Amino acid sequence: MQTTTITRMTAAGAPPKLSRFARWADRNFKWLLVAPAVLLILALSIYPLLFSLVVSFINYDFQVPGHAFVGLKNFSRVIFDPVARWSLFLTAWLSAVSVAIEFVLGLLVALTMVRSFPGRGVIMSILIVPLFISPVIVGQAWTLLLQRPFGPTNYILTQLLGQEVTIGWMTESPWLYFSLIIADVWQWTPFMFVILLAGLTAIPPNLYEAAELDGVSAWQAFWAITVPHLGPMIMLALTFRLLDAIRMFDTIFIMTGGGPGTQTYTASYYLYTVGFTQFHLSQATAGSWLFLIFTAFVVTLLVRRLLKTEPV
Amino acid sequence: MAEVKITGLHKRYGTFHAVRGIDLDIRDGEFTVLVGPSGCGKSTLLRTIAGLEEISEGTIEIGGEVVNDFRPRDRDVAMVFQDYALYPHMTVAKNIGFGLKARKMPKAEVETRVGEAARMLGITPLLGRFPRQLSGGQRQRVAIGRAIVRNPRIFLFDEPLSNLDAQLRDEMRGEIKRLHQDIATTMIYVTHDQIEAMTLADRIVLMRDGVIEQQGTPLDLFERPASTFVAGFLGSPRMNFLAGTLALSGSVAAIRLSDLLLPVAPGRNLDGATDGQAVLLGLRPEHMTRARGEKPAEGMFRQEATIDLLQPTGSRSYATFRLSGAPVMAELQAHDVSRPGESLPIDINMSRASIFDALSERAL
């Protein structure tokens, strides 16, 4: 017969008493720990922000000496500049169209990839490669592909259509918008795809099984199960992408340089040109504030909608 | 309503052999419970009947028709899932009626049927609510409502009560049993809980490692377990197993534990057993009682015991003591023992004892 002896363990006792200074240090040590981060934010974020606010109300133009107070003149210069207004419109239009196409394509790919099949992993890795490429390189690559007369695009189209195609993809309206959208869609559809796929895989498979037993068709199941479940993810993906798309700069810089003329100026490109090539710094700063307000408006709308989507 | 006939069913996932040759006949209107430890293949078997898993080998017949190649929707079965699987963006009424709507039933009839199902389950006041506004028990009622509203040939339940707390589980168990009495449709119910299996089933199918270990009525399995596995799985507290040897002399048999000789009840069939065979003696806690009277009754074996550990539940007291060196738990009356260390005579009902071969663990 096996016997076990259990002995009582000695008590651990109360924690040691601290001196008054030790207690004070114990309570306030946390401030010392957060101080570097706070200082860094103050120096690199808060100070430049406040300084830019000051700059937008004074003369800070490299071509005009002095820093006199000019009231709202910097703002009115931007508002009454037709190029500024065009760039804002183009930003909104390009973002909306690109993101809409990316969403539809991303959703279609995600729906295809949600089921497992042989080779899925490899295909998935290939699909998300564009995300790892710098937008500048993406712009370069598309420039090479579309360039006239050496790019292959026109040549392939000529072969396919059986008649000479000589489109100036980076110089002729409306083709240049098409080029910018295609570069953006190529790079960012994988982002939509990844987020929507994550959303799709999070839907409990039981729901589809219950629907199958209920005799619900695939189309009905898509609207009754997939779309409502994916709602928050769709909002998230659209918000992220739109916020990113309205900053569109790199591909424009590389592919069209804003041209021909000012036809492909987006808001970011416009502000860059005014500020860093013409050195009207106070006008560019005022424009940035206006753009910030416009962006904040869009963001607020989107984020409010995002937060309102009900949890399941 | 329909009977189910499963013949030579196998299910493999790659190299993993989940279900290894099941033959099962389920009669029309019968309540069959598939029970077993996790990973025994019971849920897989249920899902193959629903058509949610393809089978690797064998046939499944529902109502005399081979349904191997039928899609789940065409098998006319309804299933209740462990996590309810309600459509979260639909009200209770829409959840229950969705299957009917999908099958193009006229709106008025859908409403009538939904109302009727809700009344049966006592969820009429909840019809306008969303699943997230319901408690676990209410959600499970809705899930059951979604199943009964279609009036399917077979109901399948996949551990429907596992996500509920103990009290609610008892309550819902009673309701499912009543539901079966009322509508008398064939029901197949998967659980790992032996109490659910015992209380609900007309027939228990106890599975282990992808095969059926034993099937029969609950009392069949409980009183005449075919193996130590079945004996240990059913009943709580568990059956006590004591290693010993069989002592046969003429028509008298006994089991020799290290320092005890327990007579086997006369008339017990021990065909094929040999003298000196290593056996396991199975004693259920409820078959040991505090001895009363001068002499033990027919078939009882009396033994003085010193209680090591006492676990009172209020109505009963579980007392652990040593029988020939091995710990044994007995289920005594609440006031039979007052504290550990106490000694008392225990009567062991040898006519109810089970005897298993120690090697094969099968019943003798």
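Keeping their order, the protein sequence lines are chains W and Y.
Take the first sequence: its position 25, counting from 1, is numbered 25 in the numbering used here, and each next residue is one higher.
If you want the numbering used here, it's the 1-based position in the second sequence plus 1000.
All residues carry an ideal CB built from backbone N, CA and C; glycine is no exception.
None of the values given here were measured: they were computed from a predicted structure.
Taking the CA atoms as reference points, Y:P1218 sits about 20 Å from Y:L1364.
Near chain Y, meaning a CB-to-CB distance below 7 Å, no residue of the stretch 110-134 of chain W qualifies. Comparing alpha-carbon positions, the option among Y:S1354, Y:T1320, Y:L1281 lying closest to Y:P1340 turns out to be Y:T1320. Counting only the Cα atoms, Y:R1316 lies some 22 Å from Y:F1301. Scanning its chain for C-beta atoms nearer than 8 Å, with the 5 sequence neighbours on each side dropped, one finds around Y:R1129 the residues T1091, V1092, in chain order.
Going by DSSP, Y:L1024 is part of the beta strand (DSSP E) stretching over 1016-1026.
Here W:V109 has F193 as same chain residues with Cβ atoms under 6 Å from its own Cβ, once five neighbours each way along the sequence are excluded. For Y:K1011, the enclosing beta strand (DSSP E) begins and ends at 1004-1013. Each of Y:E1054, Y:E1061, Y:K1042, Y:G1036 was checked against the Cα of Y:T1007, and the nearest Cα belongs to Y:E1061. Counting only Cβ-Cβ distances below 9 Å, Y:Y1087 has contacts in chain W at L207, A210, A211, A224, I225, P228, in chain order. Taking a C-beta distance under 8 Å as the contact criterion, Y:I1183 and Y:I1148 qualify as a contact pair. Residue-level contact check: W:G199 does not touch chain Y, since none of the beta carbons of chain Y fall below 8 Å from its beta carbon. Around the C-beta of W:A96, fewer than 16 other C-beta atoms lie within 10 Å, and the residue is accordingly described as exposed. Contact check between the stretch 211-224 of chain W and the stretch 1064-1073 of chain Y: three or more CB pairs, one atom from each, fall below 8 Å, which counts as touching. If you ignore the 5 residues before and after W:W175, its C-beta comes within less than 8 Å of the C-beta of I167, G168, W169, all in its own chain and listed in chain order.
Against chain Y, the CB of W:P232 has no partner CB under 8 Å away; the residue lies outside that interface.
Y:R1290: not part of any alpha helix (DSSP H); member of the beta strand (DSSP E) spanning 1288-1290, first to last residue.
Between the alpha carbons of Y:G1122 and Y:S1236 lies a distance of about 32 Å. In the structure shown, Y:L1248 falls within a strand segment according to DSSP collapsed to helix, strand and coil. What Y:G1099 touches in chain W, judged by beta-carbon distance under 9 Å, is A210, A211, L213, D214, G215, V216, going in chain order. Checking the DSSP bridge columns, you'll see W:N206 has no partner listed. Around the CB of Y:R1047, 16 or more other CB atoms lie within 10 Å, so the residue is classed as buried.
In its chain, beyond the 5 residues on either side, V1080, Y1189 have a beta carbon closer than 6 Å to the beta carbon of Y:F1157.
The alpha carbon of Y:R1119 has as its nearest neighbour, out of Y:R1284, Y:T1185, Y:G1145, the alpha carbon of Y:G1145.
Using beta-carbon distances, Y:F1321 does not count as an interface residue toward chain W, since no partner is under 8 Å.
Around the Cβ of Y:D1023, a 10 Å sphere holds fewer than 16 other Cβ atoms; the residue is exposed. Contact with chain W is found for Y:F1081, since one of that chain's Cβ atoms lies less than 8 Å from the residue's Cβ. Ranked by Cα distance from Y:A1201, the options Y:Q1333, Y:V1211, Y:Q1181, Y:G1250 are led by Y:Q1181. For the stretch 1036-1063 of chain Y, the set of residues with a beta-carbon nearer than 7 Å to any beta-carbon of chain W comprises A1050, L1052, in chain order. Just so you know, the alpha carbons of W:L39 and W:S52 end up roughly 19 Å apart. Per DSSP, Y:F1031 is not a residue of any alpha helix (DSSP H); the beta strand (DSSP E) it occupies stretches across 1031-1035.
For W:Q220, at least one C-beta of chain Y is nearer than 8 Å to its own C-beta. Proximity of chain Y to W:P204 at the Cβ level (cut-off 8 Å) is accounted for by D1083, A1085, in chain order. Residue-level contact check: Y:P1340 does not touch chain W, since none of the beta carbons of chain W fall below 8 Å from its beta carbon. Chain-ordered listing is empty here: chain W has no CB closer than 7 Å to the CB of Y:P1225, the nearest sitting near 28 Å.
W:T256 places its beta carbon 8 Å or farther from that of W:T262.
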